[in-house]
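Colleague: I am attaching a structure below and will ask some questions about it afterwards.
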Amino acid sequence: MKKVIFLDRDGVINKKPKKADYVKKWQEFEFLPGAIEAIKLLNQNSYDIYVITNQPGISRGVMSKQDLDLIHQKMEQELEKEGAKLQGIYCCTHGWDDGCECRKPKPGLLFQAARDHNLDLAEVVFIGDDERDLQAGEAAGCKTILLEPSKSLLKIVNSLIN
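So the working numbering is basically just the index in the sequence shown, starting at one, shifted up by 123.
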């Protein structure tokens with residue numbers, strides 16, 4: 124059985140921008156303390172890791188798809204420099220009111236990742252920092268863990284693997 128973790132991006136892997144703002148370019152991206160180490164630890168314990176993220180900055184016109192692709196490319200390069208790896212990134216670029224099925228709290232991105240990689244969502248752990256992550260994870264049937272200020276990704280990962 125494949126061990127799989129879904130991670131939200133902003134607020135879990137990197138510092139979350141202020142409300143109604145977005146990480147629009149690589150220079151604004153800042154890994155949270157322990158995030159790289161947590162991803163590396165998951166890799167070392169045979170977990171596949173997929174990022175599940177809403178990025179409406181594109182539909183709002185404050186950044187381009189190329190900007191987002193570059194951020195994700197650089198994020199993966201920095202992770203790989205540290206011996207950490209993601210298996211994939213699933214991203215909703217729709218706006219709040221677009222009515223899509225992929226924007227969390229809807230579970231569309233989680234279902235898409237499961238279809239693409241033949242995953243049993245009941246065996247997947249989804250770690251997020253927002254109520255929408257919790258709702259999407261529950262709707263998809265994942266075990267869902269919500270990060271809180273007192274719990275870093277590294278603390279949660281240590282509790283999962285020990």
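C-beta: ideal position from N, C-alpha, C; glycine also. Since the structure is predicted, the reported quantities are computational estimates derived from the model, not experimental observations.
Only counting the same chain, and skipping five residues up and downstream in sequence, which positions put a Cβ closer than 6 angstroms to that of K229?
Modeller: For the purposes of this step, residue 229 is taken as the residue at position 106 of the sequence shown. If we look at K229 and ignore the five residues flanking it on each side, it has no Cβ neighbours.
Colleague: Just to confirm my understanding: we take Q235, look at its own chain, exclude 5 residues before and 5 after, and list those with CB closer than 8 angstroms. What are they?
Modeller: On the sequence shown, position 112 is the one that residue 235 refers to. Answer for Q235: Y213 and C225, listed in chain order.
Colleague: Judging by CA-CA distance, which residue of D256, I136, H195 and Y170 is the nearest neighbour of F154?
Modeller: Walking along the sequence shown from the start, residue 154 turns up at place 31. Closest option to F154, Cα to Cα, is I136.
Colleague: Below 8 angstroms, can you find three or more Cβ-Cβ pairs linking the segment 192-202 to the segment 261-274?
Modeller: Result no; under three Cβ-Cβ pairs closer than 8 angstroms.
Colleague: What did DSSP end up calling G211 once you bin it into helix, strand or coil?
Modeller: In the sequence shown, counting from the first residue as 1, residue 211 sits at position 88. Strand, per DSSP.
Colleague: Would you report the Cα separation of Q258 and D171, rounded to the nearest angstrom?
Modeller: Here residue 258 refers to the residue found at position 135 of the sequence shown. Here residue 171 refers to the residue found at position 48 of the sequence shown. When rounded, the distance between both Cα atoms is 22 angstroms.
Colleague: Keeping to the same chain, check which residues put their C-beta closer than 6 angstroms to that of G231; ignore five residues upstream and five downstream.
Modeller: Residue mapping note: residue 231 aligns to position 108 of the sequence shown, counting from 1. Once the five neighbours on either side are set aside, the close Cβ partners of G231 are E224 and C225.
Colleague: Among R132, V127, V280 and A161, which residue has its Cα nearest to the Cα of I194?
Modeller: Here the question's residue 194 lines up with position 71 in the sequence shown. Of R132, V127, V280 and A161, the residue nearest in Cα terms is R132.
Colleague: Is V185 helix, strand or coil by DSSP?
Modeller: Translated into the one-based positions of the sequence shown, residue 185 becomes position 62. Of the three classes helix, strand and coil, the one that applies to V185 here is coil, per DSSP.
Colleague: When you compare only the Cα positions, how much space is there between G264 and A245?
Modeller: Along the sequence shown, read from residue 1 onward, the residue named residue 264 stands at position 141. Along the sequence shown, read from residue 1 onward, the residue named residue 245 stands at position 122. If I take the Cα positions, the gap works out to 5 angstroms.
Colleague: According to DSSP, is D220 part of a helix, a strand, or is it coil?
Modeller: What you label residue 220 is simply residue 97 of the sequence shown in a count that begins at 1. Looking at D220 - three-state DSSP - the assignment turns out to be coil, as it is neither helix nor strand.
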